[in-house]
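Novice:
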Amino acid sequence: MKARLTKLPREFYLRPTLQVARDLIGKILIFNDNKKIMSARLVEVEAYIGRDDPACHAFVGKTERNEVMFGTGGFSYVYFIYGMYNCLNVVTERDGFPAAVLIRGAEPLGGIESMKRNYKNPGKNLLTNGPGKLCKAFGLTREHNGLDLTGGQLYLADDGKRVEKIECSVRIGIKKGVDKKWRFFDPASPYISKIIR
DNA sequence: TGTTGGATCAACT
DNA sequence: GTTGATCCAACAC
Numbered sequence: 004m005k006a007r008l009t010k011l012p013r014e015f016y017l018r019p020t021l022q023v024a025r026d027l028i029g030k031i032l033i034f035n036d037n038k039k040i041m042s043a044r045l046v047e048v049e050a051y052i053g054r055d056d057p058a059c060h061a062f063v064g065k066t067e068r069n070e071v072m073f074g075t076g077g078f079s080y081v082y083f084i085y086g087m088y089n090c091l092n093v094v095t096e097r098d099g100f101p102a103a104v105l106i107r108g109a110e111p112l113g114g115i116e117s118m119k120r121n122y123k124n125p126g127k128n129l130l131t132n133g134p135g136k137l138c139k140a141f142g143l144t145r146e147h148n149g150l151d152l153t154g155g156q157l158y159l160a161d162d163g164k165r166v167e168k169i170e171c172s173v174r175i176g177i178k179k180g181v182d183k184k185w186r187f188f189d190p191a192s193p194y195i196s197k198i199i200r
């Protein structure tokens, strides 16, 4: 726990999306909301690559909503879905290439009390084993769209810990492009949203 | 200007 | 296993 955190540099996000997605497993997501700092270790992500991915928001072209995905990597893309939930994405690759990594699941590390307060409905359910829940726990909304992940408010870091095994599978909850195995997760974690191969 | 459907979650049966 | 909650953006007219 005393391991030194290294904030991921811009270059990390500018690499091929699938590589970034795989490397994000085991990294730490940190969010500073002016009061408390919350952090969680990523255990599940999915890649969305505009060019040949019909499930990606950017597939149909650039719009006001997905604008950030077309920009330079290393920015947040938060969108609202199903009228109730936000999902957090990390934009990847260079300017003009639309791609992002959806954060689906994470293990809470710090600021758990803040997460519970944000979530309001503690219950026996896990706080962060799903994209919508994760955003609710962190208090992320569309207001956090387009944040620079190399800044101080929202960013990702490496604590030097290596995940023993990373598995991949088809993505979840989409209806197009389901043949692509672009979901990466840590099979040893209880915080993955679902087990599929 | 109106309609429709979505990268979800939780509460039911 | 199925369904309701509920907002925004894309598309058709």
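Everything in the first sequence is counted per the working numbering, starting at 4 for the first residue and increasing by one. Glycine residues also receive a C-beta, built at the ideal position from the N, C-alpha and C atoms.
If we ignore side chains and look at the alpha-carbon of each, how far apart do residue 136 and residue 83 end up?
Specialist: 12 Å
Novice: Say whether the region 178-188 touches the region 53-62, bearing in mind that this needs 3 or more beta-carbon pairs closer than 8 Å, one atom from each stretch.
Specialist: yes
Novice: Can you list, in chain order, the residues of its chain with a C-beta nearer than 7 Å to that of residue 160? Leave out the 5 residues immediately preceding and following it.
Specialist: 8, 9, 10, 11, 30, 31, 33
Novice: When the distance is taken between beta carbons, is residue 47 closer than 7 Å to residue 141?
Specialist: no
Novice: What three-state label does DSSP hand residue 96 in the structure shown?
Specialist: If DSSP states are grouped into helix, strand and coil, residue 96 belongs with coil.
Novice: Where residue 38 and residue 44 are concerned, what is the direct C-alpha to C-alpha distance, given to the nearest angstrom?
Specialist: Inter-residue distance for residue 38 and residue 44 is about 20 Å (C-alpha atoms, whole angstroms).
Novice: Who are the near neighbours of residue 192 in its chain, counting only those whose CB is closer than 7 Å to its CB and skipping five residues on each side?
Specialist: Excluding positions up to five away in sequence, the list reads 46, 110.
Novice: Can you tell me where the beta strand (DSSP E) holding residue 111 begins and where it ends?
Specialist: Residues 102-113.
Novice: Per the contact definition of three or more C-beta pairs closer than 8 Å, is the region 96-107 in contact with the region 64-76?
Specialist: In short, these stretches touch, since the Cβ pair count reaches three.
Novice: Which residues mark the beginning and the end of the beta strand (DSSP E) in which residue 50 is found?
Specialist: 40-52
Novice: Report yes if the C-beta distance between residue 112 and residue 196 is below 7 Å; otherwise report no.
Specialist: no
Novice: What does DSSP give as the partner residues of residue 170 in its beta bridges?
Specialist: 188
Novice: Hey, could you find the ends of the beta strand (DSSP E) residue 140 is sitting in?
Specialist: Taken as a continuous stretch (DSSP letters only), residue 140 belongs to no beta strand (DSSP E), being part of the alpha helix (DSSP H) at 134-141.
Novice: In the DSSP assignment, find the unbroken beta strand (DSSP E) run with residue 71 in it and report its ends.
Specialist: It is not in any beta strand (DSSP E) - residue 71 carries neither H nor E in the DSSP assignment.
Novice: First and last residue of the alpha helix (DSSP H) that includes residue 23?
Specialist: 20-27
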